[in-house]
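> Numbering (the numbering used here), first residue to last: 137 to 437. Before we start, here is the structure in question, set down as structure tokens.
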Ligand code: A3P
């Protein structure tokens with residue numbers, strides 16, 4: 137019998153190295169084995185992240201840019217496969233003859249298939265807000281079997297990286313180190329919140345000049361459409377329709393979408409633990425300075 141105040145995970149193993157990879161409960165070895173067989177195609181666009189850092193937002197932006205403002209029709213998971221869950225066969229079957237395939241995943245850098253012309257977008261978010269978001273994420277999905285999830289238990293797991301997909305801290309470090317590689321674009325959730333227009337243009341430019349140019353045509357018509365259709369309010373309206381796995385109405389997937397919601401959840405001691413961890417883990421490679429311009433990531437007032 138699982139404990140409703142704590143998450144249930146599945147502990148899977150890399151078939152060659154034997155390394156453990158933590159998945160939400162209910163997943164099986166066959167899911168990991170299949171996902172690892174996926175081979176990147178020349179036009180693929182990978183959207184990568186640690187959980188709850190704005191993955192859905194980013195892949196929706198990418199979708200809107202490449203589909204000239206056309207919204208996703210039907211379930212999001214059918215159009216944008218989440219590789220670790222859907223597996224390689226499913227991803228391969230997505231038609232990429234007209235538009236590039238978008239592949240979402242939470243794997244670390246080495247586990248993501250590479251092709252020299254494929255594009256890799258990575259998004260991160262301050263870990264205080266990502267942790268709070270992850271708490272609600274788990275509480276609302278049956279997979280984790282924790283409708284009464286205890287916030288402190290989840291906090292302790294999060295800071296020990298005892299959660300799915302290697303946890304937050306090493307994940308960010310792994311991708312941050314490669315941020316200057318030509319086919320990697322490293323993005324911040326907080327930057328997207330503050331300057332959606334600038335960040336959307338940056339994303340379009342990275343995807344290809346033709347996308348950038350079509351956003352700018354006719355007095356930025358398409359750009360305005362992408363901004364509008366990827367806004368929090370627009371995504372909140374459509375999210376229930378396009379989510380393949382249902383959640384209770386009180387725990388929506390597109391939940392609050394704010395920078396600084398951690399202040400409503402973390403006590404001063406927990407906030408300090410996070411800050412010390414950011415400095416310890418992010419100091420050597422420099423990712424700890426990612427939020428230097430964001431006061432509400434660091435301060436309580
Ligand atoms: P909150 O739980 O803090 O609201 P992911 O897609 O990686 O699982 O991340 C989910 C988080 O991104 C949730 O954060 C969700 O509300 C937020 N999000 C999704 N779409 C967004 C948007 N258009 N604007 C701002 N935040 C968004």
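Glycine is no exception: its CB is placed at the ideal position from the N, C-alpha and C atoms. Since the structure is predicted, the reported quantities are computational estimates derived from the model, not experimental observations.
1. Do residue 279 and residue 160 have their C-beta atoms closer together than 8 angstroms?
2. How big is the Cα-Cα spacing for residue 252 and residue 311?
3. Would you say residue 207 and residue 365 are within 8 angstroms of each other, going by their C-beta atoms?
4. With a floor of 3 residues, list each beta strand (DSSP E) that falls wholly inside the segment 155-188, ordered by position along the chain.
5. Are the CB atoms of residue 324 and residue 342 within a distance shorter than 8 angstroms?
6. Report the partner residues of residue 322 according to the DSSP bridge assignment.
7. Hey, how far is the Cα of residue 287 from the Cα of residue 275?
8. Taking the alpha carbon of residue 180 as the reference point, which residue from 281, 393 and 254 has its own alpha carbon closest?
9. Would you mind giving the Cβ-Cβ distance between residue 236 and residue 202, rounded to the nearest angstrom? I have them listed as a contact below 8 angstroms.
10. Over the uninterrupted beta strand (DSSP E) stretch that includes residue 146, give me the two end residues.
11. Would DSSP call residue 400 helix, strand or coil?
12. Please state if the CB of residue 410 and the CB of residue 193 are separated by a distance shorter than 8 angstroms.
13. With a threshold of 7 angstroms (Cβ to nearest heavy atom), would residue 371 be considered close to the ligand A3P?
14. Would you call residue 242 buried or exposed, if buried means 16 or more other Cβ atoms sit within 10 Å of its Cβ?
15. Straight-line CA distance for residue 221 to residue 282?
16. Counting only the same chain and skipping the five closest in sequence on each side, list residues whose C-beta sits under 7 angstroms from that of residue 224.
17. Residue 433 to residue 154, Cα distance in whole Å?
18. Kindly indicate which residue of 150, 270 and 195 has the alpha-carbon position closest to the one of residue 391.
19. Looking at the structure shown, is residue 248 part of a helix, part of a strand, or coil, going by DSSP?
20. Does DSSP put residue 341 in a helix, in a strand, or in coil?
21. Since residue 190 and residue 299 should fall inside the 8 angstroms C-beta cutoff, what is the C-beta to C-beta distance between them, to a whole number of angstroms?
22. Could you check which residue in 424, 250, 149 and 234 has the C-alpha nearest to that of residue 165?
23. Can you tell me which of 216, 407, 424 and 238 puts its alpha carbon nearest to the alpha carbon of residue 380?
24. Hey, would you say the C-beta of residue 392 is under 7 angstroms away from at least one heavy atom of the ligand A3P?
25. Enumerate in chain order the residues of its own chain whose CB-to-CB distance from residue 326 is below 6 angstroms, with the five nearest sequence positions on each side excluded.
26. Assign residue 377 to buried or exposed, taking buried as 16 or more other Cβ atoms, counted over all protein chains shown, within 10 Å of its Cβ.
27. From which residue to which residue does the beta strand (DSSP E) around residue 239 run?
28. Does any heavy atom of the ligand A3P sit closer than 7 angstroms to the C-beta of residue 264?
29. In its own chain, which residues sit with a C-beta less than 6 angstroms from the C-beta of residue 268, not counting the 5 before and 5 after it?
30. Is it buried or exposed for residue 384, if we count other Cβ within 10 angstroms and need 16 for buried?
31. Use the C-beta contact count for residue 238: other C-beta atoms within 10 angstroms, 16 or more gives buried, fewer gives exposed.
Per the coordinate set shown:
1. yes
2. 17 angstroms
3. yes
4. 156-160 and 181-185
5. no
6. 258
7. 10 angstroms
8. 254
9. 6 angstroms
10. 145-149
11. helix
12. no
13. yes
14. buried
15. 20 angstroms
16. 170, 171, 173 and 174
17. 37 angstroms
18. 270
19. coil
20. helix
21. Rounded, the Cβ-Cβ distance is 17 angstroms, inconsistent with contact.
22. 149
23. 216
24. yes
25. 395 and 430
26. exposed
27. 238-241
28. no
29. 397, 398 and 401
30. exposed
31. buried
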